[in-house]
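Report on the following structure.
Residue numbers (full-length UniProt numbering): 1 to 279.
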């Protein structure tokens, strides 16, 4: 029997080009990995009931479901549709017993230059979904994205901004609303350590790892394997743990020209080796 790799989760985007959900789970188990974070399209492809059955039968920890969010829209109908989709995402996360639903909040509506307005729509959207998440027992984790994504993917770009939203919507820190800290998006932030401590154990809900390559050939699909870039992963791990996070580190790598072209088992074996030696 393969030894369990404690403290490691695999975001299934890391092997999305090699495997579907069931095959990815089988691969993780072959390598002793018992924590995963699937994406909603991967769940839809196999069916929610079947995915939930696999999670239960294999005793998997689902460290997060990716993703909800994308709240801003150019009209009220679009904003309502986004809220409805997020409510469905909450239901899916509950069925999978996910530790959290990760929110990539969305950028500017088409044709807009009003980033403050987009951020206001984000707050309104999260506020609308939060009661459903509380009722389902699914924490919402806002994931701030690197500023290069502010226009199209996420107008919340620092841990401080994300925590300000948490404080506004959940001031008692009930555990219903928090943050997902992805090193790819936050490693550059001079306030990262202070904000991780500010977040504390009730707000820190996920810790995603990979590396930043120099040069980066594509903003979205050229993330590096841990140890291949410039991020000080042990330092950020210390910050996150000092803030009270004790869950698995979740490897999330989008790599169209490298890791997505490798056999899935090679990718997972490398994730395990780098987790043990680099992180």
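We treat Cβ as the ideally placed atom computed from N, Cα and C, and that holds for glycine. These numbers were taken from a predicted model, which means no experiment stands behind them.
Whose C-beta lies closer than 8 Å to the C-beta of residue 61 among residues of the same chain, with five residues either side of it excluded?
For the purposes of this step, residue 61 is identified with residue 61 of the chain shown, where counting begins at 1. Correct list, in chain order: 9, 34, 35, 36, 99 and 248.
Cβ contact (3+ pairs, closer than 8 Å) linking the region 146-159 and the region 123-137
no
Rounded separation between residue 83 and residue 2 - CA only
As a position in the chain shown, residue 83 is number 83, starting the count at 1. As a position in the chain shown, residue 2 is number 2, starting the count at 1. In a straight line, the C-alpha of residue 83 is about 42 Å away from that of residue 2.
In the DSSP assignment, find the unbroken beta strand (DSSP E) run with residue 104 in it and report its ends.
Stepping through the chain shown from its first residue, residue 104 is reached at position 104. Residue 104 -> beta strand (DSSP E) spans 101-104.
Bridge-paired residues (DSSP) for residue 9:
Translated into the one-based positions of the chain shown, residue 9 becomes position 9. BP columns for residue 9 point to 250.
When you compare each of 170, 87 and 227 to residue 133 by their alpha carbons, which one comes out closest?
On the chain shown, position 133 is the one that residue 133 refers to. Nearest C-alpha to residue 133: 87.
Could you check whether the region 197-208 touches the region 220-235, counting it as contact only if at least three pairs of C-beta atoms, one from each stretch, sit closer than 8 Å?
no
So what does DSSP say about residue 153, is it helix, strand or coil?
Against the chain shown, residue 153 aligns to sequence position 153. The answer is coil: DSSP assigns residue 153 none of H, G, I, E or B.
Going by DSSP, name the residue or residues bridged to residue 64.
Mapped onto the chain shown, residue 64 falls at position 64. None, per the DSSP bridge assignment.
Which partner residues does residue 206 have in the DSSP bridge list?
By one-based count along the chain shown, residue 206 stands at place 206. 180, per the DSSP bridge assignment.
Bridge partners for residue 140 per DSSP, in chain order?
By one-based count along the chain shown, residue 140 stands at place 140. In the DSSP output, where bridge partners are listed per residue, residue 140 has 101 and 177.
Just curious, the beta strand (DSSP E) that residue 35 is in, first and last residue?
Here residue 35 refers to the residue found at position 35 of the chain shown. Where residue 35 is concerned, the enclosing beta strand (DSSP E) stretches over 35-37.
If you draw a straight line from the alpha carbon of residue 250 to that of residue 169, how long is it in whole angstroms?
Mapped onto the chain shown, residue 250 falls at position 250. Mapped onto the chain shown, residue 169 falls at position 169. Taking the straight line joining both Cα atoms gives about 26 Å.
Segments of 3+ residues assigned as beta strand (DSSP E) that fall wholly inside the region 72-129:
101-104
Residues sharing a beta bridge with residue 222, DSSP
On the chain shown, position 222 is the one that residue 222 refers to. Looking at the DSSP assignment, residue 222 forms a beta bridge with 255.
Looking at residue 19: is its Cβ nearer than 8 Å to the Cβ of residue 27?
Locating residue 19 in the chain shown gives position 19, where the first residue counts as 1. Locating residue 27 in the chain shown gives position 27, where the first residue counts as 1. Closer than 8 Å, so yes.
In this structure, how does DSSP classify residue 59 when only helix, strand and coil are distinguished?
Locating residue 59 in the chain shown gives position 59, counting from the first residue. Coil at residue 59, not helix or strand.
Taking 8 Å as the cut-off, does the region 196-203 touch the region 251-266 (at least 3 CB pairs, one atom from each stretch)?
no
DSSP-derived helix/strand/coil call for residue 232:
Position 232 of the chain shown, counted from the start, is the residue given in the question as residue 232. It is coil, neither helix nor strand.
Determine, using beta carbons only, whether residue 90 and residue 138 come nearer to each other than 8 Å.
Translated into positions along the chain shown, residue 90 becomes position 90. Translated into positions along the chain shown, residue 138 becomes position 138. Cβ atoms of residue 90 and residue 138: closer than 8 Å.
Just curious, the alpha helix (DSSP H) that residue 271 is in, first and last residue?
Here residue 271 is taken as the residue at index 271 of the chain shown, counted from 1. Segment 264-277, the alpha helix (DSSP H) holding residue 271.
Please say whether residue 197 and residue 181 have beta carbons closer to each other than 8 Å?
For the purposes of this step, residue 181 is taken as the residue at position 181 of the chain shown. For the purposes of this step, residue 197 is taken as the residue at position 197 of the chain shown. Against a cut-off of 8 Å, the Cβ pair of residue 197 and residue 181 comes out as no contact.
Using only CA atoms, which one of 212, 157 and 74 lies nearest to residue 192?
Counted from its first residue, the chain shown places residue 192 at position 192. Closest option to residue 192, Cα to Cα, is 157.
In angstroms with no decimal places, state the Cα-to-Cα distance between residue 17 and residue 261.
By 1-based counting over the chain shown, the position of residue 17 is 17. By 1-based counting over the chain shown, the position of residue 261 is 261. The straight-line gap from Cα to Cα measures roughly 8 Å.
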